[in-house]
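Numbering (our numbering), first residue to last: 16 to 517. For reference, the structure is listed below as structure tokens.
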Amino acid sequence: MQTSNQHDTQGAAHWAASQQQPRIAIIGAGMSGIAAIVKLNQAGYTDITVYEKSSRVGGTWRENTYPGLSCDIPSRWYSFSFALKADWSHRYSYGHDIQAYLESVAQDFDVNRHIRFNTPVRALVYEKPHWRLTTHSGEEFEFDIVISATGVLHHPAYPAIDGLESFAGARFHSARWNHDIDLAGKRVGVIGTGSTACQIVGAIAEETEELLVFQRTPHWMIPMPQIEYRKTWNRLMALLPPLRRMAYHFYKRIILHTFSEATIGNARMQKLITRACLKHLQDAVPDAQLREKLTPDYAATCKRLIVCSDYYPAVSRPDTHLITDNIRSIESEGVRTVDGALHKLDVLVLATGFDASAFILPTTVTGENGADLEQRWQGSPRAHRAVAIPDFPNFWMLEGPTGPVGNFSLITITEHQVDYIISMLDKMKSDHLAAIAPKRASFEAYNQSMGEAIKHTTWYTGGCDSWYIDDSGIPNLYPWSPLRYLKDMRNPDFSEYRLIHQ
Ligand code: N01
16 MQTSNQHDTQ GAAHWAASQQ QPRIAIIGAG MSGIAAIVKL NQAGYTDITV YEKSSRVGGT
76 WRENTYPGLS CDIPSRWYSF SFALKADWSH RYSYGHDIQA YLESVAQDFD VNRHIRFNTP
136 VRALVYEKPH WRLTTHSGEE FEFDIVISAT GVLHHPAYPA IDGLESFAGA RFHSARWNHD
196 IDLAGKRVGV IGTGSTACQI VGAIAEETEE LLVFQRTPHW MIPMPQIEYR KTWNRLMALL
256 PPLRRMAYHF YKRIILHTFS EATIGNARMQ KLITRACLKH LQDAVPDAQL REKLTPDYAA
316 TCKRLIVCSD YYPAVSRPDT HLITDNIRSI ESEGVRTVDG ALHKLDVLVL ATGFDASAFI
376 LPTTVTGENG ADLEQRWQGS PRAHRAVAIP DFPNFWMLEG PTGPVGNFSL ITITEHQVDY
436 IISMLDKMKS DHLAAIAPKR ASFEAYNQSM GEAIKHTTWY TGGCDSWYID DSGIPNLYPW
496 SPLRYLKDMR NPDFSEYRLI HQ
């Protein structure tokens, strides 16, 4: 087994007792991995090795390359607080611009020197007080701290539809876009009408010969107030860093006080969002019959609210067909719906979402006394404050289960989680601790109070089904204001943790 260069293990009990650098492993070099590297370095924790399965940084923004890919959170806020960019081209950036931003931050902060690219991790085993990390190729390394930065939505969910494999044309998931296929002159089918599908449909409708959109459930949608930034405005942003900071906080405040409030029981905000969505539908879709098909029968914000202006005009085109009969099967020629119709297709796009309960899985994670993470979760991932799990000491998660996700910037959440982890490392250092893990009682009390609070959210009461809901049938989300979460991350309560000296 190998160990980090900087660490002298000879005779040392553990890093905090011997006043050495902790050896930190981070799994994943996406947005949260980059945030962790930069902030840990800034806090003086520099012995960091990042294991990245692919050959580039970027995570979800590297993997998703579908037409129309953009971020429905304004970029002035969807940015690292330590690297506010002046020259975004649009208020809502396109995927390639965000990927370029992540790569430039990685370069500016000399992040890549920590990363082992093309090195997926197979297993993590806690061998008190260290973690043994095994890569897919069988190499083994020892670390003091492990941070999972794998993101939430990275395992494509393929629909369980009979005959999926028998389709004779080109078929691919939205997160595995096949750029070799020219859509011009083709009959293209898109299964799904979530955030991803709406961006794709808006982008490809003009190019395809005919576009068939298979909708199982209509989604609520507000328009995206997109603008292209003027060069003079961006020059001003470059000259005045406080202006960038003001813009960051402006969007943060607006979004946290609108969308987030609506989901956690603010009836007024809920009503406003519903009204804005209905007006969008009325304005953008002239055909009353089509409008009816596109009108959801559950509460707005129950599923993730879609922010998109291109979808309704695209489905209103004469060469686009919204199919609302459920899919019975897929055949070599196309999709057969329950009314018996066969919808012939050349290309089939599966915009059917992701497995949102995997997080770091299928990497096997074994904690104290052989505790197995997958068995522990059993399809219903739970964590303490979304970052830690009892019996898994010194194992931290960024964007872990039951955290605040939704219509706001995950970068802000991640940065606060990194700060929280740094507080834990500082505590280990000052108190010479071998390990920290949440107390089972704290974890259970926290999750129980979340379970009660979730009953007041629209995710629970809104009458929909979504990826927010796990195998237990309960939304796997933070049920209070994200602002409360950010505050809690800034003020760790160490009494919730076992502080382990040996
Ligand atoms: O996936 P989804 P997504 N037969 O799970 C349908 C983030 N994101 O990739 O609604 C027929 O939301 C399913 O139908 P239904 C964002 O967090 C962010 O679109 O379940 N249909 C649904 O319509 C988002 O929430 C941005 O009835 C089937 C669709 O597939 C998350 O990614 C942009 C089916 C899946 O929708 C996931 O969005 C894009 C079946 N068997 C995405 N199975 C930003 O801008 C599934 N469906 C930041």
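Quick reminder that beta carbons are idealized off the backbone N, C-alpha and C, glycines included. Computed from a prediction, not measured in an experiment: that's the story for all the values here.
Bridge partners - Pro-497, DSSP secondary structure assignment: For this step, residue 497 is matched to residue 482 along the sequence shown. BP columns for Pro-497 are empty, so no partner.
With a CB to CB cut of under 6 Å and the five nearest residues on each side skipped, what residues in its chain are close to Asp-23? As a working note, residue 23 is residue 8 in the sequence shown. For Asp-23, the predicted structure reports a pLDDT of 43, less than 50, and the residue's modelled location is therefore unreliable. A value from the coordinates is still provided. There are no such residues.
Q. If we count Cβ pairs, one from each stretch, closer than 8 Å, do we get three or more for the segment 149-157 versus the segment 51-59?
A. no
* If you follow the beta strand (DSSP E) that Val-380 is part of, which residue opens it and which one closes it? -> Position 365 of the sequence shown holds residue 380. Run containing Val-380: 379-381, per the beta strand (DSSP E) assignment.
* Asked: So the beta strand (DSSP E) Ala-185 belongs to, where does it begin and stop?
  -> Here residue 185 refers to the residue found at position 170 when the sequence shown is read from its first residue. Unbroken beta strand (DSSP E) run through Ala-185: 185-188.
Should Arg-202 and Leu-357 be called a contact, given that it needs their Cβ atoms to be closer than 8 Å? As a working mapping, residue 202 is identified with position 187 in the sequence shown. As a working mapping, residue 357 is identified with position 342 in the sequence shown. No, Cβ-Cβ distance for Arg-202 and Leu-357 is not below 8 Å.
What first and last residue would you give for the alpha helix (DSSP H) that runs through Gly-110?
Taking the first residue of the sequence shown as position 1, residue 110 is located at position 95. Its alpha helix (DSSP H) spans residues 110-123.
Quiz item: Looking at the structure shown, is Thr-24 part of a helix, part of a strand, or coil, going by DSSP?
Solution: Numbered from its first residue, the sequence shown carries residue 24 at position 9. With a pLDDT of 45 at Thr-24, under the threshold of 50, the modelled position of this residue cannot be trusted; read the value that follows with caution. Residue state, collapsed to three classes: coil.
* Asked: So what's Phe-265 in DSSP terms, helix, strand or just coil?
  -> Along the sequence shown, one-based indexing puts residue 265 at 250. In the structure shown, Phe-265 sits in a helix (DSSP, three-state: H, G or I).
* Phe-229 - partner residues in DSSP beta bridges -> In the sequence shown, counting from the first residue as 1, residue 229 sits at position 214. Ile-206, Ile-338.
Q. Identify the residues that DSSP records as bridge partners of Ala-315: which are they?
A. The residue labelled residue 315 in the question sits at position 300 within the sequence shown. Bridge partners of Ala-315: none, in fact.
| query | Can you list, in chain order, the residues of its chain whose CB lies under 7 Å from that of Leu-271, leaving out five sequence neighbours each side? | reply | As a first step, residue 271 must be located in the sequence shown, where it is residue number 256. Closer than 7 Å at the Cβ level, and outside the excluded window around Leu-271, lie Phe-423, Pro-497, Leu-498.
task = Starting from the Cα of Leu-148, find the closest Cα among Ile-42, Gly-478, Ser-372 and give me that residue.
result = As a first step, residue 148 is located in the sequence shown; it is residue number 133 there, counting from the start. Looking at the Cα atoms, Ile-42 is the closest of the given residues.
Open item on the list: Under 8 Å, with one C-beta from each stretch per pair, do the segment 469-486 and the segment 310-321 reach the 3-pair mark?
Closed with: yes
**Prompt:** For Ala-398 versus Gly-385, is the C-beta spacing smaller than 8 Å?
**Reply:** For the purposes of this step, residue 398 is identified with residue 383 of the sequence shown, where counting begins at 1. For the purposes of this step, residue 385 is identified with residue 370 of the sequence shown, where counting begins at 1. No, the pair does not count as a contact, with Cβ atoms beyond the cut-off.
Going straight from the alpha carbon of Arg-391 to that of Arg-186, what length do you get? Walking along the sequence shown from the start, residue 391 turns up at place 376. Walking along the sequence shown from the start, residue 186 turns up at place 171. Taking the straight line joining both Cα atoms gives about 35 Å.
For the pair the segment 235-251 and the segment 337-354, tell me if three or more CB-CB distances fall below 8 Å.
no
Can you give the beta carbon distance from Thr-472 to Pro-490, rounded, assuming they're within the 8 Å contact cut? In the sequence shown, counting from the first residue as 1, residue 472 sits at position 457. In the sequence shown, counting from the first residue as 1, residue 490 sits at position 475. 7 Å between Cβ atoms; contact.
- Message: For the pair the segment 233-240 and the segment 200-215, tell me if three or more CB-CB distances fall below 8 Å.
- Response: yes
- Task: Just mark Leu-413 as buried or exposed, buried being the case when its beta carbon has 16 or more other beta carbons within 10 Å.
- Result: As a first step, residue 413 must be located in the sequence shown, where it is residue number 398. That one is buried.
Segment contact, 8 Å Cβ cut-off, at least three pairs: the segment 90-101 with the segment 249-258: yes
* Are Thr-381 and Tyr-173 touching if we call contact CB-CB under 8 Å? -> If you number the sequence shown from 1, residue 381 lands on position 366. If you number the sequence shown from 1, residue 173 lands on position 158. Their beta carbons are not under 8 Å apart, which means Thr-381 does not touch Tyr-173 by this criterion.
- [ ] Identify, in the order they occur along the chain, each residue of the same chain with its Cβ nearer than 6 Å to the Cβ of Ile-88, setting aside the five sequence neighbours on each side.
- [x] Counting from one through the sequence shown, the residue named residue 88 turns up at place 73. If we look at Ile-88 and ignore the five residues flanking it on each side, its Cβ neighbours are Ser-424.
Checklist entry - Heavy atom of the ligand N01 less than 7 Å from the Cβ of Ala-212, yes or no? => result Start at 1 with the first residue of the sequence shown, and residue 212 comes out as number 197. Yes, the Cβ of Ala-212 comes within 7 Å of a heavy atom of the ligand N01.
* Figure out for me which residue from Ala-199, Ala-371, Gln-230, Phe-410 has the closest Cα to the Cα of Glu-221. => On the sequence shown, position 206 is the one that residue 221 refers to. Selected option, being the one with the closest Cα: Ala-199.
query: How is Ser-19 classed by DSSP in three states: helix, strand or coil?
result: As a position in the sequence shown, residue 19 is number 4, starting the count at 1. With a pLDDT of 49 at Ser-19, under the threshold of 50, the modelled position of that residue is not reliable, and no figure is offered here.
### Task
Counting only runs of 3+ residues fully inside the segment 321-372, write out the beta strand (DSSP E) ranges in chain order.
335-338, 342-345, 349-352, 357-359, 362-365
Between Val-53 and Phe-124, is the Cβ-Cβ spacing less than 8 Å? Translated into positions along the sequence shown, residue 53 becomes position 38. Translated into positions along the sequence shown, residue 124 becomes position 109. Cβ atoms of Val-53 and Phe-124: closer than 8 Å.
Near the ligand N01: Ser-47 beta-carbon under 7 Å from a heavy atom | As a position in the sequence shown, residue 47 is number 32, starting the count at 1. No, Cβ of Ser-47 sits at least 7 Å from all heavy atoms of the ligand N01.
_For Gly-26 and Ser-47, I'd like the C-alpha separation in whole angstroms._
For the purposes of this step, residue 26 is taken as the residue at position 11 of the sequence shown. For the purposes of this step, residue 47 is taken as the residue at position 32 of the sequence shown. With a pLDDT of only 42 at Gly-26, under 50, the local geometry of the prediction cannot be trusted, and no value is derived from it.
Worksheet entry | The alpha helix (DSSP H) enclosing Phe-274, as first and last residue numbers | Counting from one through the sequence shown, the residue named residue 274 turns up at place 259. 274-278 is the extent of the alpha helix (DSSP H) around Phe-274.
Checklist entry - Do you know offhand how far Tyr-547's Cα is from Ala-32's? => result Absent from the model: residue 547. The displayed extent of the chain is 16 to 517, so no value can be given.
Original post:
By Cβ distance below 7 Å, which residues in the same chain neighbour Thr-335 in space, the five residues on each side in sequence not counted?
Top reply: Taking the sequence shown and counting its residues from 1, the one referred to as residue 335 is at position 320. Once the five neighbours on either side are set aside, the close Cβ partners of Thr-335 are Ala-220, Leu-226, Val-228, Ala-329.
**Message:** Can you find the residues in the same chain that come closer than 6 Å, C-beta to C-beta, to Ser-344, ignoring five residues on each side of it along the sequence?
**Reply:** Mapped onto the sequence shown, residue 344 falls at position 329. Only Asp-177, Gly-178, Arg-351 meet the Cβ criterion.
Problem set entry | Simplified DSSP state of Leu-139, which is helix, strand or coil | In the sequence shown, counting from the first residue as 1, residue 139 sits at position 124. Leu-139 falls in the strand class under three-state DSSP.
- Message: Please state whether the Cβ-Cβ distance between Thr-367 and Trp-192 is less than 8 Å.
- Response: Translated into the one-based positions of the sequence shown, residue 367 becomes position 352. Translated into the one-based positions of the sequence shown, residue 192 becomes position 177. Cβ atoms of Thr-367 and Trp-192: not closer than 8 Å.
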